[in-house]
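Peer 1:
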Amino acid sequence: MTVLDITRPSPASAITSFLYRVDGSASWKVGTAHIIASVSGPIEVNKRDELPDVATLEIVVRPDVGVTSTREQFLQDRIRRVVAPVIALELHPRTLIQIVVQIVQSGDNKILNTISLSASINATYMALLDAGVPLRSTVSATSIIYYTTATSDGSKTNVVVDPTRAQLEQIEKDITSVHTIAYELKGGKIERLLLSESVGSFTEDQVFECYDTAANICEETNRIMREAITKGVQQKSRWREA
């Protein structure tokens, strides 16, 4: 007998506009993951990187410890896949939009990238919004992990969303699949799937369950983003009220 048990995440937290010398910045914390993203642009671009009809998008991911490796290159590629389609790059041709993602705390164990990826996508979107970069829609991402535990009458399938590192260490041997899902939203509602990264063993039904769960979480995440952006705008405009 298989029973589905979903552990909801602890609420994420976000702040914006806290870095200087950049056009936009955002901090995203969920579970034990902490990501900082900054955006500069549109700014002048090197002639060799100039594109005649769109802005050049540069994404750099910096690790929490050590030097850049294939792990950061993987994150750069996936972040680009998600954010590039929603940035109106054609409005600023022959310029550069530079995104720097700093992993303060990954939240993952040694073999996973899922928490870092989803948190980096959320931080990047908020930094783009804070910088005033023209966007077509909203982006939101989450991480979902399936694991099984033995019961007296069979097995139990458990789902944990955006887990902490302690949770990952506790269930590490029982993990069956890991999913990173990113959605495009319009008006706070799911519009289309932007990213689906899945690793492990899973059924077709579990994939669709995963998409439904991720859709609900991403809509919740979108509300958290809106609140953080609203708070940031209010803080910026305090001088006008004075």
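All residue numbers for the sequence shown refer to numbering that gives the first Met the number 0, where the first residue is 0 and numbers rise by one.
Cβ coordinates follow ideal geometry from the N, Cα and C atoms, glycine included.
(1) DSSP beta-bridge partners for residue 137?
(2) In the structure shown, what three-state DSSP assignment does residue 61 receive?
(3) Does residue 124 pass the burial test, meaning 16 or more other C-beta atoms within 10 Å, or should it be called exposed?
(4) For the beta strand (DSSP E) holding residue 120, just list the boundary residues, first then last.
(5) Going by DSSP, name the residue or residues bridged to residue 146.
(6) I need the DSSP call for residue 36, collapsed to helix, strand or coil.
(7) Less than 8 Å between the C-beta atoms of residue 117 and residue 140, yes or no?
(8) Out of 37, 179, 51, state which residue places its alpha-carbon closest to the alpha-carbon of residue 16.
(9) Quick check: what's the CA-CA separation for residue 92 versus residue 49?
(10) Decide if residue 23 is buried, meaning its Cβ has at least 16 other Cβ atoms within 10 Å, or exposed.
(11) Decide if residue 95 is buried, meaning its Cβ has at least 16 other Cβ atoms within 10 Å, or exposed.
(12) Put residue 190 into one of helix, strand or coil per three-state DSSP.
(13) Apart from the five residues just before and just after residue 44, which ones in its own chain have a Cβ nearer than 6 Å to its Cβ?
(14) Using a Cβ distance threshold of 8 Å, determine whether the stretch 183-197 contacts the stretch 132-146, with at least three qualifying pairs required.
(15) Return the Cβ separation of residue 114 and residue 62 in integer angstroms, given the expectation that the two are a contact with Cβ distance under 8 Å.
(16) Do you know offhand how far residue 87's Cα is from residue 97's?
(17) Should residue 182 go down as buried or exposed, given a rule of 16 or more other Cβ atoms within 10 Å for buried?
(18) My output table needs one value for residue 43: the three-state DSSP class, helix, strand or coil.
(19) Under 6 Å Cβ to Cβ from residue 229, same chain only, skipping five residues before and after it: list those, please.
(20) Tell me whether residue 152 is buried or exposed, calling it buried when 16 or more other Cβ atoms sit within 10 Å of its Cβ.
(21) From the DSSP output, read off the bridge partner residues of residue 195.
(22) By Cβ distance, which residues of its chain are closer than 7 Å to residue 80, with the 5 residues on each side in sequence left out?
Peer 2: Let me spell this out:
(1) 184
(2) strand
(3) buried
(4) Looking at the DSSP string, residue 120 is not in any beta strand (DSSP E); the run it does join, the alpha helix (DSSP H), is 113-130.
(5) 157, 174
(6) strand
(7) yes
(8) 37
(9) 8 Å
(10) buried
(11) buried
(12) strand
(13) 55, 94, 95
(14) yes
(15) Not confirmed; about 14 Å, so no contact.
(16) 14 Å
(17) buried
(18) strand
(19) none
(20) exposed
(21) 180
(22) 194
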